[in-house]
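*Asks:* This structure is in structure tokens; I'll ask about it shortly.
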DNA sequence: CGGATGATTCAACGACTGTTGAATTGGAGA
DNA sequence: TCTCCAATTCAACAGTCGTTGAATCATCCG
């Protein structure tokens, strides 16, 4: 059995139950192997979680750091919309991982928090760079706090991916996928109007985020 | 020992460790009693959580429904700011509660989902009423989707309460309390600009949210 | 003082947890 | 066919969990 198969199982079970709530026996059952085999491929439970992080975050970091290249002269609106698109497609295959990471940040053990921080910080910093460049180019209001604006943009996108497909269909007759699409568009329109130098300038046509 | 003292302890330990991570022995230690005593006052662990829910949600619901009274002619900005204040002070002491509620919504154990939904839906509907009235009074843009706008306002406020005090001090030298205060102000400024009919009209002086 | 009653503790059950050392399998090379 | 080594399983350890029945304590009533 390839370690990746164990990682697949861990991703599924972690996503359902969280790191603390997921037992190695449940992961092994999902993978169809003995719990002890996990210890042959991974040092311990936390290493399993770490390997799971390393499966998704490096690619996302690279995509966002390329986007933050100061020589990219496309409009800030387009680039920030692409931030949402990167979150959307890079994390689409990991339902549960997003909530999982959030949960471990809020109430996880200190070790896990450090594990997560060193992976998330570069990602946040790349988005922050795009916002800083937008301010310097006069496209965004100077009063905007780039750190908080980064937090707002990114956190709400994660809530739209995680929570909205569950919540909105209970309030309106929409499918989960449609909830995400409408949520992203409405959120970006609100956010852009909130930070843009000229809030009434029409948004450029935004490409559909890839799925 | 009064059952409220046990609830206090449960709230504290739930807040530190989450509901799944908090053991009844830890709660008993915090309360200074024997674990078995908890079973004298409460049916089981989940009943502890439910009692905790009923400690916070009814008051919040009432406060928000009063705020949504259509005869309240104060400015929409002021009333929406008060929504944030109500979330802030009513939920200040119950971080574990917020995380658990969100987790149960995302995971979707149907029974608990319904239990939570019947408590949360009236709260969301009250906020939505305020936004609807704002649109009718011409203070908010007609393009604003009131349901999504409610989701955005409330979810971000919860993220500011839960996540920002953990995240921001790792990025900037601020205390957790200061992170919440600055987060709320920056969020409301962005949000208001995003939904207001006239984004450049200065915000009325907003009162300090009570602590 | 005896007794009744509610509050509290004690000790233990069975189930589950992460983890590990020894035993077993399976297949490739000599 | 035998050997060797990696892959995999088995069985068990020590600990924690939620929960419970019996035992103890405190307090009030008669």
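Residue numbers (this note's numbering), protein chains in the order written: chain A, 8 to 218; chain B, 8 to 218.
Backbone N, C-alpha and C fix where the C-beta goes; we use that ideal spot for every residue, glycine too.
Alpha carbon to alpha carbon, what distance is there between residue 27 of chain A and residue 133 of chain B?
*Replies:* If you take the alpha carbons of residue 133 of chain B and residue 27 of chain A, they lie about 36 Å apart.
*Asks:* Going by beta-carbon coordinates alone, are residue 71 of chain A and residue 18 of chain A separated by less than 8 Å?
*Replies:* Cβ distance not < 8 Å, so residue 71 of chain A and residue 18 of chain A don't count as in contact.
*Asks:* Between the region 134-149 of chain A and the region 66-82 of chain A, are three or more C-beta pairs nearer than 8 Å?
*Replies:* Result yes; three or more Cβ-Cβ pairs closer than 8 Å.
*Asks:* Beta-carbon separation of residue 168 of chain A and residue 95 of chain A under 8 Å?
*Replies:* Yes. Within cutoff.
*Asks:* Please state if the CB of residue 13 of chain A and the CB of residue 29 of chain A are separated by a distance shorter than 8 Å.
*Replies:* Taking 8 Å as the Cβ cut-off, residue 29 of chain A and residue 13 of chain A do not qualify as a contacting pair.
*Asks:* From the DSSP output, in three-state form, read off residue 98 of chain A for me.
*Replies:* Note: residue 98 of chain A maps to coil in three-state DSSP.
*Asks:* Can the beta-carbon of residue 64 of chain A be found less than 8 Å from the beta-carbon of residue 21 of chain A?
*Replies:* Against a cut-off of 8 Å, the Cβ pair of residue 21 of chain A and residue 64 of chain A comes out as no contact.
*Asks:* Show which residues of chain B have a CB atom less than 8 Å away from the CB atom of residue 27 of chain A.
*Replies:* Per Cβ cutoff of 8 Å: 25, 27 and 28.
*Asks:* For the alpha helix (DSSP H) containing residue 16 of chain A, list its first residue and its last residue.
*Replies:* Here the alpha helix (DSSP H) through residue 16 of chain A covers 10-28.
*Asks:* Pick out whichever of B/184, B/199 and B/34 has its Cα sitting closest to the Cα of residue 147 of chain B.
*Replies:* For the residues B/184, B/199 and B/34, the minimum Cα distance to residue 147 of chain B belongs to B/199.
*Asks:* For residue 194 of chain A versus residue 159 of chain B, is the C-beta distance shorter than 8 Å?
*Replies:* Yes. Within cutoff.
*Asks:* With DSSP as the reference, label residue 210 of chain B as helix, strand or coil.
*Replies:* Three-state result, residue 210 of chain B: coil.
*Asks:* For residue 219 of chain B, would you say it is in contact with chain A, using Cβ-to-Cβ distances shorter than 8 Å as the test?
*Replies:* Given a span of 8 to 218 for chain B in the structure shown, any question on residue 219 of chain B remains unanswerable.
*Asks:* Can you say whether residue 172 of chain A is buried or exposed, counting buried as having 16 or more other CB atoms within 10 angstroms of its CB?
*Replies:* Classification of residue 172 of chain A: buried, given that the 10 Å Cβ count is 16 or more.
*Asks:* Does the CB of residue 154 of chain A have a neighbour CB from chain B at under 8 Å?
*Replies:* Interface residue, yes.
*Asks:* Please name the residue in A/43, A/206 and A/165 whose C-alpha comes closest to that of residue 108 of chain A.
*Replies:* Answer by Cα proximity: A/165.
*Asks:* What is the residue span of the alpha helix (DSSP H) that residue 158 of chain B lies within?
*Replies:* Segment 153-169, the alpha helix (DSSP H) holding residue 158 of chain B.
*Asks:* Identify whether residue 85 of chain B lies in helix, strand or coil by the three-state DSSP scheme.
*Replies:* Reduced to three states, the DSSP call for residue 85 of chain B is helix.
*Asks:* Report yes or no: is there a C-beta of chain A within less than 8 Å of the C-beta of residue 197 of chain B?
*Replies:* So, interface residue.
*Asks:* So, is residue 80 of chain A buried or exposed, given that buried needs 16 or more other C-beta atoms within 10 angstroms?
*Replies:* Exposed is the call here.
*Asks:* Identify, in the order they occur along the chain, each residue of the same chain with its Cβ nearer than 7 Å to the Cβ of residue 145 of chain A, setting aside the five sequence neighbours on each side.
*Replies:* 204, listed in sequence order.
*Asks:* Over what stretch of residues does the alpha helix (DSSP H) that includes residue 72 of chain B continue unbroken?
*Replies:* Where residue 72 of chain B is concerned, the enclosing alpha helix (DSSP H) stretches over 52-74.
*Asks:* Beta-carbon of residue 163 of chain A versus every beta-carbon of chain B: anything under 8 Å?
*Replies:* So, interface residue.
*Asks:* Would you tell me roughly how many angstroms separate the C-alpha atoms of residue 97 of chain A and residue 67 of chain A, rounded to the nearest one?
*Replies:* Cα-Cα distance, rounded: 6 Å.
*Asks:* Once the 5 residues before and after residue 206 of chain B are set aside, which same chain residues still bring their CB inside 6 Å of it?
*Replies:* The answer, listed in chain order, is 200.
*Asks:* Residues of chain B with a CB under 7 Å from the CB of residue 208 of chain A: which are they?
*Replies:* Within 7 Å Cβ-Cβ: nothing; residue 208 of chain A doesn't reach chain B, min ~12 Å.
*Asks:* Is the Cβ of residue 72 of chain A closer than 8 Å to any Cβ of chain B?
*Replies:* Judged by the 8 Å Cβ criterion, residue 72 of chain A is not in contact with chain B.
*Asks:* Could you name the residues that DSSP lists as bridge partners for residue 147 of chain A?
*Replies:* DSSP, once it has assigned bridges, lists A/203 as partnering residue 147 of chain A.
*Asks:* Does DSSP put residue 77 of chain B in a helix, a strand or coil?
*Replies:* Of the three classes helix, strand and coil, the one that applies to residue 77 of chain B here is coil, per DSSP.
*Asks:* Give the interface partners of residue 193 of chain A over in chain B, defined as CB-CB distance under 7 Å, in chain order.
*Replies:* By Cβ distance, chain B contributes 152 and 155.
*Asks:* Using three-state DSSP, classify residue 179 of chain B as helix, strand or coil.
*Replies:* Here residue 179 of chain B sits in coil by DSSP.
*Asks:* So the candidates are B/181, B/124 and B/155; which of them puts its Cα closest to the Cα of residue 60 of chain B?
*Replies:* The option with the nearest alpha carbon to residue 60 of chain B is B/124.
*Asks:* Scan the region 119-150 of chain B for residues whose Cβ lies nearer than 7 Å to a Cβ of chain A and list them as they occur along the chain.
*Replies:* Answer in chain order: 124.
*Asks:* Would you tell me roughly how many angstroms separate the C-alpha atoms of residue 149 of chain B and residue 90 of chain A, rounded to the nearest one?
*Replies:* Spanning the two alpha carbons is a distance of roughly 27 Å.
*Asks:* Taking residue 92 of chain B as the reference, give the member of B/141, B/190, B/176 and B/153 with the closest Cα.
*Replies:* When only C-alpha atoms are compared, the closest one is B/190.
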